[in-house]
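Novice: Provided herewith is a single structure, encoded as structure tokens, for subsequent inquiry.
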Amino acid sequence: MMLNARETTFIQSINKNELISLIQDLVQIDSVIRPETGNTEHKVACYIIDWIRRELDIEPIICEVASNRENIILTIDSGHPGPCLMIEGHMDVVSEGDKAAWKYDPFGAEIIDGRIYGRGSCDMKAGDAIALLIAKSFRRTDQPWIGKLRLGIVCDEEGMMIGIKHLIKNGYADDVDACLIPEPEENNLCISMKGAIRAIVRVKGKMAHGAMPLAGINPNTRLARIILAFEEYEKQEKIRCGVDPYLGLPSITFTVIQSPPAGSPAQLNVMPAEAIAYVDIRTTPAQNHDAVKTKLQSILDELSGSDPDFKAELEFIEDRPVVSISKDEPIAAVSAQAYKDVTGKDPIWNGVPGATDGTFLSAWKNIPCIVNGPGPRHIPHQIDEYVEIDEAYECAKIYALTASRFLASKSSDNP
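For what it's worth, this note's numbering labels the leading residue of the sequence shown as 747, then goes sequentially.
See below:
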């Protein structure tokens, strides 16, 4: 499809050097959630708020979701009736872990061989920078457009997603017709997102001297039985469900194991009274969440039936459904054509291996979401995280074209 002058103007409004500088600025601000020091996304939020005020001359809506944890909502209204397109991103990043294991400073935003390195470079401060530049393009353009462009830059995507839940509950998604989410997906067009169930397993035992284990009840061996039983169920589900074309295989992963639980003193010669584990369960469309929960509870019941000293509780603390849209959904079709027109290649359709904020936008508000941001799919949460500059710039141009077409009047649709 040929680009008309209006569309070309939107694409050309994206300045590559400005994008690079903005990504670097955001990466250099530590937004790891650190309870021990009180660090949050607050400094990043302050930077973005100041940038919006300076570059766009607009006062964004600032919502405090928790102490020093804000959502930023920005709406640019064309003044003409039309759809509302939201671009959504998050400001928090996961821990850098052992800094000594990094080749590059995790908050240095160094440019090496066309890549920007640093924690959050692709997950997802590059995406946030793209969202801000798209907003700037629409704020400053003299080209015609209709409807509204909204940015939702939120806190806590890496945790319990309290940011997007707050945004939705406070009505900022009520008028949204479609959403673009520039999470790191190598610019693939992701139309499905895995479901997620989060659970806590607590196993009760009886404290005893390590030299006299028969005087107590060991919670650790019983937790081990649970881990192996859940692993066997995972294997069965992989066989039953098969490989989803976009989402792959389901999984049950024990991510945290503590014995004794955090806050209790541990000693090598003391059998603890309790063990606790956190479980991250990822689901595909072939699974029913209620059935998964029932099965996991039945595993504990079976283990209890064969051991009178087995006492375990299973608590489900989060439930995020599998969500998906059709390739024929308007935002998907527009995104696909924009990808082809910018890159000269057919888009790669894919799925998100985890949940995103879009999970709740889709599940709670039935908003069609496309997740298609820059960055390698395998690198988030790892050391030496990076984003390719050319890929980020490509994504920004795709977003500019997608938004310009989604928010175009019929009279300006064609060259």
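C-beta atoms are modelled at their ideal positions from N, C-alpha and C, and glycine is treated no differently.
1) On the three-state DSSP scale, how would you describe C901?
2) Secondary structure at T754, three-state DSSP: helix, strand or coil?
3) Mapping the DSSP letters down to three states, classify S1050 as helix, strand or coil.
4) Y1132 bridges to which residues according to DSSP?
5) For R1066, which residues in the same chain have their Cβ closer than 7 Å to its Cβ, ignoring the five residues on either side in sequence?
6) Mind reading off the beta-carbon distance from I1022 to I946? Whole number of angstroms is fine, and I expect it under 8 Å.
7) Could you give the distance in angstroms between the alpha-carbon of T999 and the alpha-carbon of W797?
8) Can you give me the start and stop residues for the beta strand (DSSP E) that K984 sits inside?
9) How many angstroms separate the CA atom of R861 from the CA atom of E764?
10) Does the stretch 845–863 come within contact of the stretch 918–934, defined as at least 3 CB pairs closer than 8 Å?
11) Could you say which of Y1139, P890, L802 lies nearest to P827 if we only look at CA atoms?
12) Could you give the first and the last residue of the continuous alpha helix (DSSP H) run that contains M793?
13) Examine chain D for any beta-carbon lying closer than 7 Å to the beta-carbon of P852, and answer yes or no.
14) Rounded to whole angstroms, what's the CA-CA distance from Q1083 to M747? Just pull it up for me.
15) Quick check on the DSSP output: what are the complete alpha helix (DSSP H) runs of length 4 or more inside the stretch 1074–1133, in order along the chain?
16) Only counting the same chain, and skipping five residues up and downstream in sequence, which positions put a Cβ closer than 8 Å to that of M953?
Specialist: Considering the structure as presented:
1) Here residue 901 refers to the residue found at position 155 of the sequence shown. The answer is coil: DSSP assigns C901 none of H, G, I, E or B.
2) Looking up residue 754 in the sequence shown gives position 8. Helix, per DSSP.
3) One-based indexing of the sequence shown puts residue 1050 at position 304. In this structure, S1050 counts as helix in the three-state DSSP scheme.
4) Residue numbering aside, residue 1132 sits at position 386 when the sequence shown is read from its first letter. Y1132 is bridged to Y863.
5) To locate residue 1066, count along the sequence shown from 1; it is residue 320. Taken in chain order, the residues that qualify are G941, A942, A1101, T1105.
6) Your numbering for residue 1022 matches position 276 in the sequence shown. Your numbering for residue 946 matches position 200 in the sequence shown. Their Cβ separation, rounded to whole angstroms, is 7 Å, which keeps I1022 and I946 in contact under 8 Å.
7) What you label residue 999 is simply residue 253 of the sequence shown in a count that begins at 1. What you label residue 797 is simply residue 51 of the sequence shown in a count that begins at 1. One C-alpha to the other measures close to 40 Å.
8) To locate residue 984, count along the sequence shown from 1; it is residue 238. Counting along the chain, K984 falls outside any beta strand (DSSP E), though it belongs to the alpha helix (DSSP H) covering 965–987.
9) Within the sequence shown, the letter at position 115 stands for residue 861. Within the sequence shown, the letter at position 18 stands for residue 764. If I take the Cα positions, the gap works out to 15 Å.
10) Proximity of the stretch 845–863 to the stretch 918–934 falls short of the contact definition, fewer than three beta-carbon pairs being nearer than 8 Å.
11) The residue given as residue 827 occupies position 81 in the sequence shown. P827 has its Cα closest to that of P890, out of Y1139, P890, L802.
12) Locating residue 793 in the sequence shown gives position 47, where the first residue counts as 1. Per the sequence shown, residue 793 should be read as Tyr rather than Met. First-last of the alpha helix (DSSP H) with Y793: 788–802.
13) The structure shown contains no chain D, having only a single protein chain.
14) Counted from its first residue, the sequence shown places residue 1083 at position 337. Counted from its first residue, the sequence shown places residue 747 at position 1. So the two alpha carbons sit approximately 8 Å from each other.
15) Counting whole runs of 4 or more residues, the stretch 1074–1133 contains the alpha helix (DSSP H) stretches 1076–1089, 1103–1111.
16) Counting from one through the sequence shown, the residue named residue 953 turns up at place 207. Around M953: G962, V1016, M1017, P1018, A1019.
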